[in-house]
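Take a look at the structure below.
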Amino acid sequence: GQQVMQIPQYQHVQEGEDFTTYCNSSTTLSNIQWYKQRPGGHPVFLIQLVKSGEVKKQKRLTFQFGEAKKNSSLHITATQTTDVGTYFCAGPVGGGSNYKLTFGKGTLLTVNP
Amino acid sequence: DVKVTQSSRYLVKRTGEKVFLECVQDMDHENMFWYRQDPGLGLRLIYFSYDVKMKEKGDIPEGYSVSREKKERFSLILESASTNQTSMYLCASSSTGGNSPLHFGNGTRLTVT
């Protein structure tokens, strides 16, 4: 089964509120990637984190990689309707090839204008 | 920009039919992947390939096979389609190295009746 857990599964916010999704792995990850999928679209790569404790920002989005490299979070400040979509984390879990990315089940974000 | 093209956006097939899903990428990427996406289950890896004629099983390979005769093309084959293979199928590619981000196609929504 999947070894990357992501919570919450759904999140509904009012426009302007903050949003956070969390990702946890049962094993240490060499890196973690985040993707966004708009309704009716395909996943689009957002960012990759590699270093322990790493924090990266993209405008209103802040991505963190845990010190133990087993967890990560995506935080959106002051959500907008354009943030609607499903956010996935993904990492090379289960040992073996780094080519084999395992995705979390995703967090569906809806924003009420 | 990387372009990953899937041959069909929608496909309807009958139980027992042999189904071919085609994927072509134009960026000379070494790695190609097939995922299926189902509500509540996220993206699950079926097969991937890191070189021409090379393939590795993902998490849910049963009922599927793949073919990679040319670098730019990766085909997913359902030998005998079943209704539980009704799903959204997403092809992706990435450049060499295990940590490279995935570039997804638009997906093929397959319905097996």
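If you're matching them up, the sequences are chains A and B in order.
In terms of the working numbering, the first sequence opens at residue 20 and continues consecutively.
In terms of the working numbering, the second sequence opens at residue 1091 and continues consecutively.
We put the beta carbon where it would ideally sit given N, CA and C, even for glycine.
Small disclaimer: the values here were computed from a predicted structure and weren't measured.
Taking 7 Å as the threshold (C-beta atoms), are residue j and residue i in contact?
i, j, result
"Asn1121/B", "His61/A", "no"
"Thr46/A", "Ser92/A", "no"
"Val32/A", "Thr98/A", "yes"
"Lys1093/B", "Asp1128/B", "no"
"Leu68/A", "Ile95/A", "no"
"Cys42/A", "Gly104/A", "no"
"Val1156/B", "Lys1147/B", "no"
"Pro1204/B", "Ile1136/B", "Outside the displayed span of chain B (1091 to 1203) sits residue 1204/B, for which this structure offers no information."
"Gln1190/B", "Ser1183/B", "In the sequence as presented, Gln is not what sits at residue 1190/B; that position holds Ser. Not a contact, by the Cβ cut-off of 7 Å."
"Leu1101/B", "Thr1198/B", "yes"
Compute the Euclidean distance between the alpha carbons of residue i and residue j, then round it to the nearest angstrom.
i, j, result
"Thr1186/B", "Lys55/A", "22 Å"
"Asp1118/B", "Val1142/B", "11 Å"
"Thr121/A", "Leu1192/B", "12 Å"
"Phe1164/B", "Thr100/A", "36 Å"
"Gln1096/B", "Cys1181/B", "7 Å"
"Arg57/A", "Glu1169/B", "31 Å"
"Val1114/B", "Tyr1140/B", "14 Å"
"Gln83/A", "Tyr106/A", "14 Å"
"Trp53/A", "Leu1200/B", "26 Å"
"Ala87/A", "Gly110/A", "14 Å"
"Tyr1125/B", "Asp37/A", "31 Å"
"Gly59/A", "Asn131/A", "19 Å"
"Asn90/A", "Thr81/A", "14 Å"
Compare the C-beta of residue i with all C-beta atoms of chain A and state if any pair is closer than 7 Å.
i, result
"Phe1164/B", "no"
"Leu1133/B", "yes"
"Asn1206/B", "In this structure chain B extends from 1091 to 1203, so residue 1206/B is not present and cannot be described."
"Pro1191/B", "yes"
"Phe1194/B", "yes"
"Gly1197/B", "yes"
Drop a sphere of 10 angstroms on the beta-carbon of residue i, count the other beta-carbons inside from all chains shown, and report buried for 16 or more, exposed for fewer.
i, result
"Asp102/A", "buried"
"Lys119/A", "buried"
"Ser44/A", "buried"
"Thr126/A", "buried"
"Arg1104/B", "exposed"
"Thr1203/B", "exposed"
Give a yes or no on whether the minimum CB-CB distance between residue i and chain B is below 7 Å.
i, result
"Gly125/A", "yes"
"Asn90/A", "no"
"Asn50/A", "yes"
"His61/A", "yes"
"Phe122/A", "yes"
"Phe64/A", "yes"
Does the segment 64-84 of chain A touch the segment 20-33 of chain A, meaning 3 or more C-beta pairs lie closer than 8 Å? no
Count the C-beta pairs between the segment 1105-1112 of chain B and the segment 1164-1184 of chain B that are closer than 8 Å, then say yes if the count reaches three, no if not. yes
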